[in-house]
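Shown next, in C-alpha coordinates, is the structure this report addresses.
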Amino acid sequence: MSYEKIKRLFYTFAFFDDFLLIYPLYAILFSEKGLNPAQISSLFIAWSVTGFLLEVPSGSAADKYPRRTVLLFAIAVRTLAFTAWLVEPTYSGFLTGFILWGISGAFVSGTEEALVYDELTRVKKTSQYSKVTGRMESLRIVAFILASFLASLLANRGYSIILILSSASVTLSAAPIYLLPKTKAVESTDETKYFTYVKTGIKLVLKNSRLLFIIGFASIIVGLGAADEYFNLLFDEKGFSNSRIAILVGVVSLFGALGTAFAHKLENKKVPVFGVLLVAASLLLTSTLVPAGLVPIILGLYLALTYIVGVLFNTYLQQEATDANRATMTSVQSLAIEFFVIITYCLFAIASQFESYNFSFQVLAIILFVIAIVYAIVSRVSKTWNNLRIT
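At position 14 of the sequence shown (counting the first as 1) the number is 30 in the working numbering, and the numbers step up by one without a gap.
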(Lines of atoms letter the chains of each structure in order from A and count residues from 1; the text may use other names and numbers.)
(Lines give C-alpha, C1' and ligand atoms only; values in the text may rest on other atoms or scores of the structure.)
Protein backbone atom coordinates (compact mmCIF):
# COMPACT_ATOMS: atom_id res chain seq x y z
CA MET A 1 0.00 0.00 0.00
CA SER A 2 1.34 3.43 -0.97
CA TYR A 3 2.15 6.30 1.37
CA GLU A 4 -0.63 8.44 -0.13
CA LYS A 5 -3.26 5.78 0.50
CA ILE A 6 -2.04 5.22 4.06
CA LYS A 7 -2.33 8.95 4.71
CA ARG A 8 -5.88 9.08 3.39
CA LEU A 9 -6.91 6.11 5.53
CA PHE A 10 -5.54 7.66 8.72
CA TYR A 11 -7.08 11.05 7.88
CA THR A 12 -10.46 9.41 7.31
CA PHE A 13 -10.17 7.55 10.60
CA ALA A 14 -9.29 10.73 12.53
CA PHE A 15 -12.25 12.64 11.05
CA PHE A 16 -14.94 10.05 11.79
CA ASP A 17 -13.39 9.22 15.17
CA ASP A 18 -14.25 12.75 16.36
CA PHE A 19 -17.34 13.42 14.24
CA LEU A 20 -19.57 12.72 17.24
CA LEU A 21 -22.75 14.74 17.44
CA ILE A 22 -23.30 13.80 21.08
CA TYR A 23 -20.07 15.54 22.20
CA PRO A 24 -21.50 19.02 22.77
CA LEU A 25 -24.73 17.76 24.33
CA TYR A 26 -24.04 14.69 26.44
CA ALA A 27 -23.88 16.59 29.73
CA ILE A 28 -27.21 18.22 28.86
CA LEU A 29 -28.61 14.75 28.17
CA PHE A 30 -27.56 13.61 31.65
CA SER A 31 -29.10 16.68 33.25
CA GLU A 32 -32.39 16.31 31.39
CA LYS A 33 -32.60 12.66 32.45
CA GLY A 34 -32.60 13.80 36.07
CA LEU A 35 -28.95 13.47 37.10
CA ASN A 36 -27.77 16.03 39.63
CA PRO A 37 -24.39 17.82 39.39
CA ALA A 38 -22.68 15.35 41.73
CA GLN A 39 -23.88 12.37 39.66
CA ILE A 40 -22.76 14.00 36.41
CA SER A 41 -19.32 14.69 37.84
CA SER A 42 -19.09 11.12 39.13
CA LEU A 43 -19.56 9.92 35.53
CA PHE A 44 -16.61 12.04 34.41
CA ILE A 45 -14.52 10.72 37.31
CA ALA A 46 -15.36 7.11 36.40
CA TRP A 47 -14.38 7.85 32.79
CA SER A 48 -11.03 9.30 33.85
CA VAL A 49 -10.17 6.64 36.44
CA THR A 50 -11.03 3.78 34.08
CA GLY A 51 -8.65 5.07 31.44
CA PHE A 52 -5.86 5.53 33.98
CA LEU A 53 -6.21 2.07 35.53
CA LEU A 54 -6.07 0.42 32.11
CA GLU A 55 -3.07 2.42 30.89
CA VAL A 56 -0.62 -0.41 31.49
CA PRO A 57 -2.78 -3.40 30.44
CA SER A 58 -3.74 -1.64 27.22
CA GLY A 59 -0.08 -0.92 26.48
CA SER A 60 0.72 -4.59 26.95
CA ALA A 61 -2.04 -5.54 24.54
CA ALA A 62 -0.76 -3.07 21.93
CA ASP A 63 2.70 -4.64 22.15
CA LYS A 64 1.50 -8.26 22.21
CA TYR A 65 -1.28 -8.19 19.60
CA PRO A 66 -1.55 -6.54 16.16
CA ARG A 67 -2.13 -2.83 16.73
CA ARG A 68 -4.70 -2.70 13.99
CA THR A 69 -6.71 -5.36 15.87
CA VAL A 70 -6.34 -3.50 19.19
CA LEU A 71 -7.59 -0.28 17.59
CA LEU A 72 -10.56 -2.05 16.01
CA PHE A 73 -11.39 -3.52 19.43
CA ALA A 74 -11.30 -0.03 20.97
CA ILE A 75 -13.63 1.30 18.27
CA ALA A 76 -16.12 -1.52 18.88
CA VAL A 77 -16.10 -0.84 22.63
CA ARG A 78 -16.83 2.88 22.11
CA THR A 79 -19.74 1.98 19.84
CA LEU A 80 -21.11 -0.11 22.72
CA ALA A 81 -20.69 2.90 25.03
CA PHE A 82 -23.07 5.06 22.99
CA THR A 83 -25.41 2.10 22.56
CA ALA A 84 -25.61 1.80 26.36
CA TRP A 85 -26.69 5.44 26.58
CA LEU A 86 -29.29 4.88 23.89
CA VAL A 87 -30.75 1.70 25.38
CA GLU A 88 -30.55 2.63 29.08
CA PRO A 89 -30.68 6.44 29.54
CA THR A 90 -30.34 6.25 33.34
CA TYR A 91 -27.44 6.79 35.72
CA SER A 92 -26.44 3.12 35.51
CA GLY A 93 -26.60 3.19 31.71
CA PHE A 94 -24.56 6.38 31.50
CA LEU A 95 -22.02 4.99 33.97
CA THR A 96 -21.69 1.81 31.93
CA GLY A 97 -21.20 3.90 28.80
CA PHE A 98 -18.45 6.01 30.35
CA ILE A 99 -16.63 2.95 31.70
CA LEU A 100 -16.74 1.44 28.20
CA TRP A 101 -15.53 4.75 26.76
CA GLY A 102 -12.71 4.80 29.29
CA ILE A 103 -11.72 1.28 28.26
CA SER A 104 -11.78 2.31 24.61
CA GLY A 105 -9.70 5.42 25.28
CA ALA A 106 -7.08 3.42 27.18
CA PHE A 107 -6.63 1.01 24.28
CA VAL A 108 -6.44 3.87 21.76
CA SER A 109 -3.84 5.70 23.87
CA GLY A 110 -0.42 5.08 22.42
CA THR A 111 -1.74 2.44 20.01
CA GLU A 112 -2.94 4.92 17.41
CA GLU A 113 0.34 6.83 17.26
CA ALA A 114 2.34 3.60 17.25
CA LEU A 115 0.27 2.21 14.38
CA VAL A 116 0.83 5.38 12.36
CA TYR A 117 4.57 5.07 12.95
CA ASP A 118 4.53 1.37 12.03
CA GLU A 119 2.79 2.04 8.72
CA LEU A 120 5.07 4.95 7.84
CA THR A 121 8.09 2.80 8.65
CA ARG A 122 6.84 0.13 6.27
CA VAL A 123 6.78 2.64 3.39
CA LYS A 124 9.98 4.37 4.58
CA LYS A 125 8.25 7.66 5.37
CA THR A 126 8.92 8.07 9.09
CA SER A 127 10.13 11.61 8.41
CA GLN A 128 6.47 12.49 7.68
CA TYR A 129 5.22 11.30 11.08
CA SER A 130 4.78 14.79 12.60
CA LYS A 131 3.08 16.06 9.47
CA VAL A 132 0.64 13.14 9.33
CA THR A 133 -0.27 13.21 13.04
CA GLY A 134 -0.55 17.00 12.94
CA ARG A 135 -2.96 16.82 10.02
CA MET A 136 -4.95 14.15 11.87
CA GLU A 137 -5.32 16.47 14.86
CA SER A 138 -6.48 19.29 12.58
CA LEU A 139 -9.08 17.01 11.03
CA ARG A 140 -10.30 16.05 14.49
CA ILE A 141 -10.91 19.70 15.28
CA VAL A 142 -12.75 20.22 12.00
CA ALA A 143 -14.84 17.10 12.66
CA PHE A 144 -15.73 18.27 16.17
CA ILE A 145 -16.84 21.69 14.98
CA LEU A 146 -18.87 20.27 12.07
CA ALA A 147 -20.47 17.72 14.39
CA SER A 148 -21.41 20.52 16.79
CA PHE A 149 -23.16 22.46 14.04
CA LEU A 150 -24.99 19.36 12.77
CA ALA A 151 -26.03 18.52 16.33
CA SER A 152 -27.56 21.98 16.62
CA LEU A 153 -29.77 21.22 13.61
CA LEU A 154 -30.92 17.90 15.08
CA ALA A 155 -31.18 18.91 18.74
CA ASN A 156 -34.93 19.40 18.59
CA ARG A 157 -35.45 15.89 17.21
CA GLY A 158 -34.27 14.22 20.39
CA TYR A 159 -31.13 12.48 21.57
CA SER A 160 -31.84 9.11 19.96
CA ILE A 161 -30.99 10.28 16.43
CA ILE A 162 -27.89 12.08 17.74
CA LEU A 163 -26.66 8.96 19.54
CA ILE A 164 -27.40 6.74 16.53
CA LEU A 165 -25.43 9.04 14.22
CA SER A 166 -22.57 9.23 16.74
CA SER A 167 -22.42 5.44 16.91
CA ALA A 168 -22.51 5.30 13.11
CA SER A 169 -19.56 7.70 12.90
CA VAL A 170 -17.52 5.59 15.32
CA THR A 171 -18.36 2.49 13.29
CA LEU A 172 -17.31 4.23 10.07
CA SER A 173 -13.95 5.10 11.64
CA ALA A 174 -13.22 1.38 11.79
CA ALA A 175 -13.34 0.99 7.99
CA PRO A 176 -10.05 2.76 7.16
CA ILE A 177 -8.26 0.93 10.00
CA TYR A 178 -9.58 -2.40 8.73
CA LEU A 179 -8.26 -1.59 5.25
CA LEU A 180 -4.72 -1.11 6.54
CA PRO A 181 -2.36 -4.04 5.91
CA LYS A 182 -1.18 -6.16 8.83
CA THR A 183 2.11 -4.57 9.84
CA LYS A 184 4.63 -5.85 12.37
CA ALA A 185 5.17 -3.53 15.33
CA VAL A 186 8.33 -1.46 15.01
CA GLU A 187 8.62 -0.13 18.56
CA SER A 188 6.94 -0.76 21.91
CA THR A 189 4.33 1.73 23.11
CA ASP A 190 6.30 1.74 26.39
CA GLU A 191 3.04 1.91 28.36
CA THR A 192 3.99 -1.36 30.08
CA LYS A 193 6.81 0.59 31.73
CA TYR A 194 4.44 3.35 32.89
CA PHE A 195 4.64 2.79 36.64
CA THR A 196 8.39 2.25 36.46
CA TYR A 197 8.70 5.60 34.71
CA VAL A 198 6.44 7.25 37.28
CA LYS A 199 8.39 5.88 40.27
CA THR A 200 11.72 6.93 38.79
CA GLY A 201 10.32 10.25 37.61
CA ILE A 202 8.89 11.29 40.97
CA LYS A 203 12.28 10.76 42.61
CA LEU A 204 13.95 12.80 39.87
CA VAL A 205 11.43 15.64 40.00
CA LEU A 206 11.63 15.96 43.77
CA LYS A 207 15.39 16.49 43.42
CA ASN A 208 15.05 19.07 40.63
CA SER A 209 13.16 22.25 41.50
CA ARG A 210 13.08 23.39 37.87
CA LEU A 211 11.30 20.23 36.71
CA LEU A 212 9.03 20.32 39.76
CA PHE A 213 8.03 23.87 38.89
CA ILE A 214 7.32 23.11 35.23
CA ILE A 215 5.46 19.84 35.75
CA GLY A 216 3.50 21.26 38.68
CA PHE A 217 2.20 24.33 36.87
CA ALA A 218 1.67 22.54 33.55
CA SER A 219 -0.34 19.79 35.24
CA ILE A 220 -2.49 22.22 37.18
CA ILE A 221 -3.33 24.35 34.13
CA VAL A 222 -4.06 21.36 31.87
CA GLY A 223 -5.93 19.53 34.62
CA LEU A 224 -8.17 22.50 35.38
CA GLY A 225 -8.94 22.56 31.66
CA ALA A 226 -11.29 19.65 32.36
CA ALA A 227 -13.77 22.35 33.36
CA ASP A 228 -14.66 22.64 29.67
CA GLU A 229 -16.84 19.54 30.20
CA TYR A 230 -19.20 21.88 32.06
CA PHE A 231 -19.41 24.68 29.49
CA ASN A 232 -22.59 23.26 27.99
CA LEU A 233 -24.19 22.97 31.43
CA LEU A 234 -23.30 26.60 32.11
CA PHE A 235 -24.87 27.61 28.80
CA ASP A 236 -27.97 25.61 29.75
CA GLU A 237 -28.09 27.38 33.10
CA LYS A 238 -27.85 30.71 31.26
CA GLY A 239 -30.99 29.86 29.30
CA PHE A 240 -29.64 28.83 25.88
CA SER A 241 -31.58 26.23 23.89
CA ASN A 242 -29.99 22.86 23.10
CA SER A 243 -29.57 23.76 19.43
CA ARG A 244 -27.79 26.98 20.41
CA ILE A 245 -25.65 25.18 23.01
CA ALA A 246 -24.29 22.75 20.41
CA ILE A 247 -23.14 25.63 18.21
CA LEU A 248 -21.66 27.56 21.13
CA VAL A 249 -19.61 24.56 22.31
CA GLY A 250 -18.17 24.27 18.79
CA VAL A 251 -17.35 27.99 18.68
CA VAL A 252 -15.67 27.98 22.10
CA SER A 253 -13.64 24.92 21.09
CA LEU A 254 -12.52 26.77 17.97
CA PHE A 255 -11.11 29.52 20.19
CA GLY A 256 -9.15 26.87 22.07
CA ALA A 257 -7.78 25.44 18.83
CA LEU A 258 -6.73 28.91 17.69
CA GLY A 259 -5.00 29.48 21.03
CA THR A 260 -3.04 26.26 20.62
CA ALA A 261 -2.03 27.20 17.08
CA PHE A 262 -0.96 30.68 18.21
CA ALA A 263 1.11 29.26 21.09
CA HIS A 264 3.40 27.50 18.62
CA LYS A 265 4.18 30.89 17.05
CA LEU A 266 5.64 32.22 20.30
CA GLU A 267 9.04 30.61 19.81
CA ASN A 268 11.98 32.74 20.95
CA LYS A 269 9.61 35.20 22.65
CA LYS A 270 9.27 35.99 26.32
CA VAL A 271 5.79 35.22 27.59
CA PRO A 272 4.50 37.00 30.74
CA VAL A 273 2.75 33.94 32.15
CA PHE A 274 1.59 35.79 35.28
CA GLY A 275 -0.17 38.36 33.12
CA VAL A 276 -1.75 35.74 30.87
CA LEU A 277 -3.06 33.79 33.85
CA LEU A 278 -4.37 36.97 35.44
CA VAL A 279 -6.27 37.92 32.29
CA ALA A 280 -7.60 34.35 31.92
CA ALA A 281 -8.88 34.33 35.51
CA SER A 282 -10.46 37.77 34.98
CA LEU A 283 -12.20 36.58 31.82
CA LEU A 284 -13.53 33.48 33.57
CA LEU A 285 -14.89 35.52 36.48
CA THR A 286 -16.39 38.05 34.05
CA SER A 287 -18.19 35.28 32.15
CA THR A 288 -20.17 34.49 35.31
CA LEU A 289 -21.29 38.08 35.80
CA VAL A 290 -22.19 39.42 32.33
CA PRO A 291 -25.37 38.95 30.29
CA ALA A 292 -25.74 35.48 28.76
CA GLY A 293 -25.09 36.68 25.20
CA LEU A 294 -21.50 37.64 26.05
CA VAL A 295 -20.61 34.44 27.92
CA PRO A 296 -19.56 32.24 24.95
CA ILE A 297 -17.10 34.77 23.51
CA ILE A 298 -15.55 35.50 26.90
CA LEU A 299 -15.23 31.77 27.65
CA GLY A 300 -13.65 31.27 24.24
CA LEU A 301 -11.01 33.90 24.97
CA TYR A 302 -10.40 32.35 28.40
CA LEU A 303 -9.95 28.92 26.85
CA ALA A 304 -7.53 30.24 24.23
CA LEU A 305 -5.32 31.84 26.91
CA THR A 306 -5.22 28.74 29.12
CA TYR A 307 -4.37 26.59 26.09
CA ILE A 308 -1.51 28.94 25.27
CA VAL A 309 -0.10 28.62 28.80
CA GLY A 310 -0.55 24.84 28.74
CA VAL A 311 1.28 24.49 25.41
CA LEU A 312 4.13 26.73 26.57
CA PHE A 313 4.68 24.77 29.77
CA ASN A 314 4.52 21.45 27.92
CA THR A 315 7.01 22.70 25.36
CA TYR A 316 9.32 23.91 28.11
CA LEU A 317 9.13 20.50 29.78
CA GLN A 318 10.26 18.83 26.56
CA GLN A 319 13.20 21.24 26.39
CA GLU A 320 14.20 20.63 30.00
CA ALA A 321 13.92 16.86 29.72
CA THR A 322 16.81 14.86 28.33
CA ASP A 323 16.55 11.99 25.90
CA ALA A 324 17.27 9.66 28.80
CA ASN A 325 14.41 10.89 31.02
CA ARG A 326 11.88 12.26 28.50
CA ALA A 327 9.52 9.27 28.77
CA THR A 328 9.87 9.37 32.54
CA MET A 329 8.93 13.07 32.74
CA THR A 330 6.00 12.58 30.38
CA SER A 331 4.67 9.74 32.56
CA VAL A 332 4.95 11.84 35.73
CA GLN A 333 3.15 14.73 34.07
CA SER A 334 0.44 12.39 32.77
CA LEU A 335 -0.20 11.13 36.30
CA ALA A 336 -0.21 14.67 37.71
CA ILE A 337 -2.64 15.90 35.05
CA GLU A 338 -4.99 12.99 35.77
CA PHE A 339 -4.91 13.92 39.45
CA PHE A 340 -5.89 17.54 38.79
CA VAL A 341 -8.56 16.50 36.28
CA ILE A 342 -10.23 14.45 39.01
CA ILE A 343 -9.81 17.31 41.49
CA THR A 344 -11.58 19.60 38.97
CA TYR A 345 -14.47 17.17 38.60
CA CYS A 346 -14.76 16.92 42.40
CA LEU A 347 -14.73 20.71 42.68
CA PHE A 348 -17.63 21.03 40.24
CA ALA A 349 -19.50 18.16 41.91
CA ILE A 350 -19.43 19.95 45.27
CA ALA A 351 -19.80 23.58 44.16
CA SER A 352 -22.52 22.89 41.57
CA GLN A 353 -24.47 20.65 43.94
CA PHE A 354 -24.17 23.26 46.66
CA GLU A 355 -25.01 26.30 44.51
CA SER A 356 -24.85 26.31 40.68
CA TYR A 357 -22.55 25.76 37.70
CA ASN A 358 -22.11 29.53 37.51
CA PHE A 359 -20.85 29.50 41.10
CA SER A 360 -18.47 26.64 40.26
CA PHE A 361 -16.84 28.72 37.54
CA GLN A 362 -16.52 31.63 39.98
CA VAL A 363 -14.66 29.33 42.37
CA LEU A 364 -12.44 28.15 39.51
CA ALA A 365 -11.66 31.78 38.62
CA ILE A 366 -10.56 32.47 42.21
CA ILE A 367 -8.32 29.38 42.09
CA LEU A 368 -6.73 30.69 38.88
CA PHE A 369 -6.09 34.05 40.56
CA VAL A 370 -4.32 32.21 43.38
CA ILE A 371 -2.28 30.16 40.89
CA ALA A 372 -1.24 33.36 39.09
CA ILE A 373 -0.12 34.93 42.38
CA VAL A 374 1.82 31.81 43.39
CA TYR A 375 3.48 31.80 39.98
CA ALA A 376 4.47 35.44 40.43
CA ILE A 377 5.96 34.73 43.88
CA VAL A 378 7.91 31.69 42.68
CA SER A 379 9.13 33.65 39.66
CA ARG A 380 10.36 36.46 41.86
CA VAL A 381 12.21 34.05 44.14
CA SER A 382 13.76 32.32 41.14
CA LYS A 383 14.39 35.08 38.62
CA THR A 384 15.04 32.63 35.80
CA TRP A 385 11.30 31.95 35.74
CA ASN A 386 10.09 35.53 35.35
CA ASN A 387 9.20 34.66 31.76
CA LEU A 388 9.13 31.50 29.75
CA ARG A 389 11.21 31.55 26.62
CA ILE A 390 10.50 28.81 24.14
CA THR A 391 13.50 28.20 21.93
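C-beta atoms are modelled at their ideal positions from N, C-alpha and C, and glycine is treated no differently. In this text, all values refer to a predicted model and were calculated from it rather than measured experimentally.
What whole-angstrom Cβ distance do residue i and residue j have, given they're in contact under 8 Å?
| i | j | result |
| --- | --- | --- |
| Ala184 | Phe290 | Ala184 to Phe290, Cβ: 47 Å. No contact. |
| Pro192 | Phe35 | Contact doesn't hold; Cβ gap of about 13 Å is too wide. |
| Leu323 | Gly266 | Contrary to the premise, residue 323 reads as Tyr rather than Leu in this sequence. Rounded, the Cβ-Cβ distance is 16 Å, inconsistent with contact. |
| Leu483 | Leu166 | Limits of the chain in this structure are 17 at one end and 407 at the other, which puts residue 483 out of reach. |
| Thr127 | Leu87 | 6 Å |
| Val379 | Leu363 | 7 Å |
| Leu384 | Leu293 | 6 Å |
| Ala171 | Asn258 | 4 Å |
| Phe329 | Ile237 | 7 Å |
Within a Cβ cutoff of 6 Å, which residues of the same chain sit near residue i, ignoring the five residues on either side of it in sequence?
| i | result |
| --- | --- |
| Leu264 | Phe251 and Pro312 |
| Ala90 | Ser120, Phe123 and Val124 |
| Ile382 | none |
Can you look up residue i in the DSSP assignment and give me helix, strand or coil?
| i | result |
| --- | --- |
| Lys286 | strand |
| Ser372 | coil |
| Asp110 | Strictly speaking, residue 110 in this sequence is Phe, with Asp absent from that position. Phe110: helix per DSSP, three-state reduction. |
| Ile38 | coil |
| Val139 | coil |
| Asn403 | Note that Asn403 has pLDDT 49, beneath the 50 cutoff, so the model's placement of it is unreliable and the number below is only indicative. Coil, per DSSP. |
| Val238 | helix |
| Ser18 | coil |
| Phe68 | helix |
| Phe256 | coil |
| Leu196 | coil |
| Leu305 | coil |
| Lys49 | coil |
| Tyr391 | helix |
| Lys219 | helix |
| Lys281 | coil |
| Pro82 | coil |
| Pro105 | coil |
| Ser125 | coil |
Answer with buried or exposed for residue i, where buried requires no fewer than 16 other C-beta atoms within 10 angstroms of its C-beta.
| i | result |
| --- | --- |
| Arg173 | exposed |
| Pro53 | buried |
| Tyr373 | buried |
| Gly309 | exposed |
| Pro197 | exposed |
| Pro40 | buried |
| Thr304 | buried |
| Glu48 | exposed |
| Ile157 | buried |
| Ile353 | buried |
| Gly50 | exposed |
| Phe370 | exposed |
| Ser168 | buried |
| Leu222 | exposed |
| Glu253 | buried |
| Tyr175 | buried |
| Ile177 | exposed |
| Gly10 | This structure cannot speak to residue 10, because the chain is shown only from 17 to 407. |
| Gly150 | exposed |
In its own chain, which residues sit with a C-beta less than 8 Å from the C-beta of residue i, not counting the 5 before and 5 after it?
| i | result |
| --- | --- |
| Ala62 | Leu111, Phe114, Ile115 and Gly118 |
| Leu136 | Tyr19, Ile22, Thr142, Gln144, Tyr145 and Val148 |
| Leu299 | Ile314, Leu315, Leu317, Tyr318 and Leu321 |
| Phe355 | Ser235 and Gly239 |
| Val103 | Gly109 |
Please identify the residue among the options whose C-alpha is closest to the C-alpha of residue i.
| i | options | result |
| --- | --- | --- |
| Ser120 | Asp33, Gly266, Leu380 and Ile157 | Asp33 |
| Lys281 | Val325, Asn258 and Gly109 | Val325 |
| Ala365 | Glu48, Gly109, Ala242 and Ser257 | Ala242 |
| Glu129 | Ala30, Ala100, Gly239 and Val327 | Ala30 |
| Ala122 | Leu70, Leu155 and Lys286 | Leu70 |
| Thr302 | Ala262, Leu333 and Phe375 | Phe375 |
| Val65 | Ile382, Lys286 and Ile358 | Ile358 |
| Leu195 | Arg84, Gly109 and Lys80 | Arg84 |
| Thr187 | Ala277, Ile389 and Phe98 | Phe98 |
| Val93 | Ser189, Ser368, Ser108 and Met152 | Ser189 |
| Ile56 | Ala367, Tyr107 and Val327 | Tyr107 |
| Phe256 | Pro288, Pro307 and Ala279 | Pro307 |
| Trp101 | Ile180, Glu153, Ala163 and Gly67 | Ile180 |
| Leu155 | Arg24, Asp134 and Val390 | Arg24 |
Short of 7 Å in beta carbon distance, which residues of its chain neighbour residue i, apart from the five on each side in sequence? Order them along the chain.
| i | result |
| --- | --- |
| Phe60 | Glu245 and Tyr361 |
| Gln349 | Ile231, Ala234, Ser235 and Leu333 |
| Asn248 | Pro40, Leu41, Ala43, Ile44, Ile261 and Val265 |
| Ile161 | Gly266, Ser269 and Leu270 |
| Thr28 | Pro192 |
| Ala296 | Tyr318, Leu321, Thr322 and Leu384 |
So that I know if they touch, is there some Cβ in chain B lying closer than 7 Å to that of residue i?
| i | result |
| --- | --- |
| Tyr107 | Looking at the structure shown, chain B is missing, and only one protein chain is on hand. |
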